[in-house]
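In the order they appear, the protein sequences are chains A and B. Remember, this note's numbering sits 4 above the position in the first sequence when you count from 1. Remember, this note's numbering sits 675 above the position in the second sequence when you count from 1. Quick reminder that beta carbons are idealized off the backbone N, C-alpha and C, glycines included. All values reported here derive from a predicted model rather than from experimental measurement.
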Amino acid sequence: MRRVTQLAAAATATAALALTVTACGESSSDSGGGEKGKGVGLAFDVGGRDDHSFNEAAARGTDRAKKELGVKVKQMTAGNNETEATREQRLTSLAEAGYDPVIGVGFNYGKSINKVAKDFPDTTFGVVDSGSEQKNVAGMTFAEHEASYLVGVAAAKKTKSKKVSFIGGVDNALIQKFEAGYVKGVKDTDPKIKVEVDYLYKESDKGFNDPARAKDMAKGMLGRGNDVIYTAAGQSGAGSIEEVSKKKGAWAIGVDSDQYRQKGLEKYRGAILTSAVKNVDVAVFDLIKSVKDDKPMTGDLTFDLKKDGVSVATSGGFIDDIKDDVDKASKKIADGEVKVPSTP
Amino acid sequence: MNDLGETPEQRALHRHLEDRYWLRLRGRFSKEKLILALAAPVLAIVAALVLSSLVIAASGKDPLHAFSVMIDFGSKSDSQVWIVNKAIPYYLSAAAVAIGFRMKLFNIGVDGQYRVAAFFAAAVGGALALPGAIQIPIIILTAMAVGAVWAGIAGVLKTTRGVSEVITTIMLNSIAGSLIGYFLSEDKLAVKDGNLFHTTNLPDSSHFFTIPTDPKPIYGTIVIAIAVGLAYWFVLGRTRFGFDLRAVGRSEPAAAASGVSVKRMVVTSMLLSGAVAGLVGMPTLLNVSYNYGTDFPAGIGFTGIAIALLGRNHPIGMALAALLWGFLERTGIRLEFEDYAQEIVEVMQGIIVLCVVIAYETVRRYGLRVQQRKVGEELSARAAGTNDKPEVSA
């Protein structure tokens, strides 16, 4: 008897599944609106708009576009441990609804943007931190290692204990770029300085929104006598900055945005020496403008020090006394005299 | 009892009636059992709907509109394909967890097991270039073997050293992450591709088939999930091994007393659980990514725990739960698109699991109480009936 009911249940479930899959003809793209020109579709990486760092830089670009170009902006955010399917769906729903350009913020979108772009040849796509593989995709990458080199110079000039450290969010190729530049910057300035390097996570993108872990790590580094900590870890960076601000004489170096100017970090700004700024906002704004002007940017675009794609923040005036050193290093990079490695 | 003044025939009739009465009573219990069995899921669904509505309403949005968006979008054909594809690894993960659950083993290490398994399977697959008919089984078997070994460590530690599998499996998760991170670098088993590191791509021959549906295909790896579901049902429900396993889960001393080697069962079921966990990464590896990279999905092992709980460790229940999960995730992105908070769906998933667990426990306790009361009543009525009999028959 039990066997019969179980079999029946199994059969019904299978049949129901088969029916729903085949019978329902309409797909979501058939019924969607789909008219063009609804504005900008922006898909954030984990951490969301208010990460005070990377995503926020992109958001500033769209905010400016809103004001200056009068475009509408739709924002969506990635969750932790997402799969490709989820990212593809997010981008597809934006493109389907008629948003143009559709921008993925973060290298996590690298694959999905290029895949979805194939299905929407008339829409311009943009991806920050990843390359372009399709005709209608703009792959916007930055010379993070160059900016990191400069903050490394600043760190080397400011440290008293001759020990500085680096915290990366996730041990991947992108964040290693930050590490490589920073370490080189420090060593070129003073080879005797010790640089402690550590990553929050080996492979999970949780590293970009786990401020608690960054805080713990920073605490350990401070305890071991490091007095300048550069954190390249998106939203997690706030945790490290908070911890550094508790210790007198220690400096935190921010990343991606000018973190001294971040509202959410106002309380700790006295400890933010400088930031390795990635002008994601400029890149995002330029892309939106190019689409608005009907001359969409596509292909691989690199934003380096020479093109003002990356820079060093001077807010707070904490590095005014060493400005000459930083400027000199900056000029050397721009002239090609110093080659900053992008891998550690 | 002859002093009641009954003839033997009367007594026989009495007995017969009494027996029939008890049979009827038992019958009524099983009917009630059916009602109770239905009550639990219904209660859970209603409670989950009410609570989710409250949460959505509290965030200042219209819950009814949210549900209609979800149903409307979730029933589109492309959504259904997406949901089925998403449910495949979830189901495999739930089955892996459930094997442990059935004998009260809490394998929370499925996450690490499937990642290590998928990684080494991808590395092996990337290094070989054999015809698909040979290569695909090699990849799958590698994954199962690696998953089994990884879970087996916890099983052996439990039986030889008495370390709780909860501790070991969760630690092995983090060791798995570090191990993969160690090998996923350019000078070891990985190639660099933009910002990603991944293993060498599998040759085209190792791509699993897909079932063509419109507009996107369903992953062929669904057959693996179905096979695992059938094997799970058969082995646990229809074999001596399955009986022993469940017996250990019910009561270790009782099982040991009846001749089951508890230690062997612990190791065997951890190995089995790990082998199934090894399959979790296969739909992604063989149907989507064709390599293991830094972007390989993580966390499915934990989703599996929720789905096993939701599906009550039942092969069909877990399938429905996995599909429900896929549905919620698919429609969740749509909800975000409609300006609902992105977290709503995660809250809903949590509420549903809680409601199901609580509803089943409540209904079970209620059923037990009713049964106890009934039996008590019947027994006292029966006792009273025997005493009254002389007067009645007089």
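Contact check, Ile1087/B vs Ile886/B, beta carbons under 8 Å: Not covered by the structure: residue 1087/B. The range shown for chain B is 676 to 1069.
Closest Cα partner of Leu911/B within the set Arg777/B, Val725/B, Gln1047/B and Val730/B: Counting from one through the second sequence, the residue named residue 911/B turns up at place 236. The residue with the shortest Cα to Cα distance from Leu911/B is Arg777/B.
Own chain, CB closer than 6 Å to Ala762/B, minus 5 neighbours either side, in chain order: Sequence index remark: in the second sequence, residue 762/B carries index 87 (1-based). Hits under 6 Å: Ala997, Leu998 and Gly1001.
C-beta neighbour in chain A for Arg1009/B, strict 8 Å: Numbered from its first residue, the second sequence carries residue 1009/B at position 334. With 8 Å as the cut-off, Arg1009/B counts as an interface residue toward chain A.
Distance CB(Pro890/B)-CB(Asp753/B) smaller than 8 Å: Mapped onto the second sequence, residue 890/B falls at position 215. Mapped onto the second sequence, residue 753/B falls at position 78. Closer than 8 Å, so yes.
Where Trp757/B meets chain A, residues with beta-carbon distance less than 8 Å: One-based indexing of the second sequence puts residue 757/B at position 82. Ala89 and Gln93, listed in chain order.
Expected contact under 8 Å - CB spacing of Asp55/A and Gln239/A to nearest Å: Taking the first sequence and counting its residues from 1, the one referred to as residue 55/A is at position 51. Taking the first sequence and counting its residues from 1, the one referred to as residue 239/A is at position 235. Correct: roughly 4 Å between the Cβ atoms.
Cβ distance (whole Å) where Asn788/B is taken to contact Gly822/B below 8 Å: Against the second sequence, residue 788/B aligns to sequence position 113. Against the second sequence, residue 822/B aligns to sequence position 147. One point to set straight first is that residue 788/B is Gln, not Asn, in the sequence displayed. About 4 Å separates the two Cβ atoms, so the contact holds.
Span separating the alpha-carbon of Lys219/A from that of Ile845/B: Translated into the one-based positions of the first sequence, residue 219/A becomes position 215. Translated into the one-based positions of the second sequence, residue 845/B becomes position 170. Between Lys219/A and Ile845/B, the C-alpha separation is close to 23 Å.
Same chain, Cβ closer than 8 Å to Gly340/A, neighbours up to 5 away in sequence not counted: By 1-based counting over the first sequence, the position of residue 340/A is 336. Result list for Gly340/A: empty, nothing under 8 Å.
Which of helix, strand or coil DSSP assigns to Thr90/A: Numbered from its first residue, the first sequence carries residue 90/A at position 86. Three-state DSSP puts Thr90/A in a helix.
Limits of the alpha helix (DSSP H) - the one that Thr835/B falls within: The count along the second sequence starts at 1 and reaches residue 835/B at position 160. Gly807 to Arg836 is the extent of the alpha helix (DSSP H) around Thr835/B.
Pair within 8 Å by beta-carbon distance, Asp737/B and Leu871/B: One-based indexing of the second sequence puts residue 737/B at position 62. One-based indexing of the second sequence puts residue 871/B at position 196. Not a contact, by the Cβ cut-off of 8 Å.
Any non-hydrogen atom of the ligand MG within 7 Å of Glu1018/B CB: Only the bare structure without any ligand can be found here, which leaves the ligand MG out of the picture.
Residues near Leu864/B by beta carbon distance below 7 Å, same chain, minus five either side: Here the question's residue 864/B lines up with position 189 in the second sequence. Excluding positions up to five away in sequence, the list reads Ala798, Phe858 and Thr874.
C-beta contact flag for Ile117/A and Gly110/A at 8 Å: What you label residue 117/A is simply residue 113 of the first sequence in a count that begins at 1. What you label residue 110/A is simply residue 106 of the first sequence in a count that begins at 1. Against a cut-off of 8 Å, the Cβ pair of Gly110/A and Ile117/A comes out as no contact.
Minimum Cβ-Cβ distance from Asp737/B to chain A less than 8 Å: Walking along the second sequence from the start, residue 737/B turns up at place 62. Answer no: the Cβ-Cβ gap between Asp737/B and chain A never drops below 8 Å.
Under the three-state DSSP convention, the category Met144/A falls into: In the first sequence, residue 144/A corresponds to position 140, counting from 1. Three-state DSSP puts Met144/A in a strand.
Contact under 8 Å by Cβ, Ala793/B with Gly949/B: Taking the first residue of the second sequence as 1, we reach residue 793/B at position 118. Taking the first residue of the second sequence as 1, we reach residue 949/B at position 274. Cβ distance not < 8 Å, so Ala793/B and Gly949/B don't count as in contact.
Contacts of Pro716/B in chain A (Cβ-Cβ under 7 Å): The sequence position of residue 716/B within the second sequence is 41, counting from 1. Residues of chain A passing the Cβ test: none, with the nearest at roughly 13 Å.
One or two residues paired with Val44/A in a DSSP bridge: Here residue 44/A refers to the residue found at position 40 of the first sequence. Answer is Val77/A.
DSSP bridge partner residues for Asp304/A (one or two, in chain order): As a position in the first sequence, residue 304/A is number 300, starting the count at 1. According to DSSP, which records beta bridges pairwise, Asp304/A is partnered with Gly143/A.
Secondary structure of Gly956/B, DSSP reduced to three states: As a working note, residue 956/B is residue 281 in the second sequence. In the structure shown, Gly956/B sits in coil (DSSP, three-state: anything other than H, G, I, E or B).
DSSP beta-bridge partners of Leu871/B: By one-based count along the second sequence, residue 871/B stands at place 196. Note: Leu871/B sits in a beta bridge opposite Asp868/B.
Neighbour flag for Lys271/A against chain B, beta carbons, 8 Å: Locating residue 271/A in the first sequence gives position 267, counting from the first residue. Not closer than 8 Å to any Cβ of chain B, the Cβ of Lys271/A fails to qualify, so no.
Contacting residues, own chain, Cβ-Cβ under 6 Å from Glu247/A (five flanking each side not counted): Working through the first sequence from its first residue, we reach residue 247/A at position 243. So the qualifying residues of the chain are Lys219, Ala222 and Lys223.
Contacting residues, own chain, Cβ-Cβ under 6 Å from His149/A (five flanking each side not counted): In the first sequence, counting from the first residue as 1, residue 149/A sits at position 145. The answer, listed in chain order, is Lys181, Ala184, Gly185, Val344 and Ser346.
Segment contact flag, the region 770-785 of chain B with the region 1002-1015 of chain B, C-beta cutoff 8 Å, min 3 pairs: no
Distance, Gln755/B Cα to Gly904/B Cα: Sequence index remark: in the second sequence, residue 904/B carries index 229 (1-based). Sequence index remark: in the second sequence, residue 755/B carries index 80 (1-based). Looking at the two C-alpha atoms, the distance is approximately 20 Å.
Close-in-space but distant-in-sequence residues of the same chain around Leu960/B (CB under 7 Å, 5 per side omitted): As a working note, residue 960/B is residue 285 in the second sequence. Same-chain partners within the cutoff: Ala793, Ala796, Ala797 and Tyr967.
Beta-carbon spacing of Ser279/A, Ser261/A below 8 Å: Taking the first sequence and counting its residues from 1, one reaches residue 279/A at position 275. Taking the first sequence and counting its residues from 1, one reaches residue 261/A at position 257. Going by C-beta atoms, Ser279/A is nearer than 8 Å to Ser261/A.
Within 8 Å of chain B by C-beta, residues of the region 109-139 of chain A in sequence order: Phe111, Asn112, Gly114, Lys115, Asp133, Ser134 and Gly135
Alpha-carbon to alpha-carbon, Lys250/A and Gly38/A: Numbered from 1 along the first sequence, position 34 holds the residue referred to as residue 38/A. Numbered from 1 along the first sequence, position 246 holds the residue referred to as residue 250/A. The predicted model places Gly38/A with a pLDDT of 48, which falls under 50 and marks its position as unreliable; any figure quoted below should be read in that light. One C-alpha to the other measures close to 52 Å.
Identity of the residue in Lys42/A, Phe48/A, Lys332/A and Gly41/A nearest Asp192/A by Cα: What you label residue 192/A is simply residue 188 of the first sequence in a count that begins at 1. Checking every option, the nearest Cα to that of Asp192/A belongs to Lys332/A.
Sequence ranges, alpha helix (DSSP H) only - wholly within the region 904-965 of chain B, length at least 4: 915-925, 927-932 and 937-954
Sub-8 Å separation of Gln93/A and Ala121/A beta-carbons: The residue given as residue 93/A occupies position 89 in the first sequence. The residue given as residue 121/A occupies position 117 in the first sequence. Contact flag unset, no.
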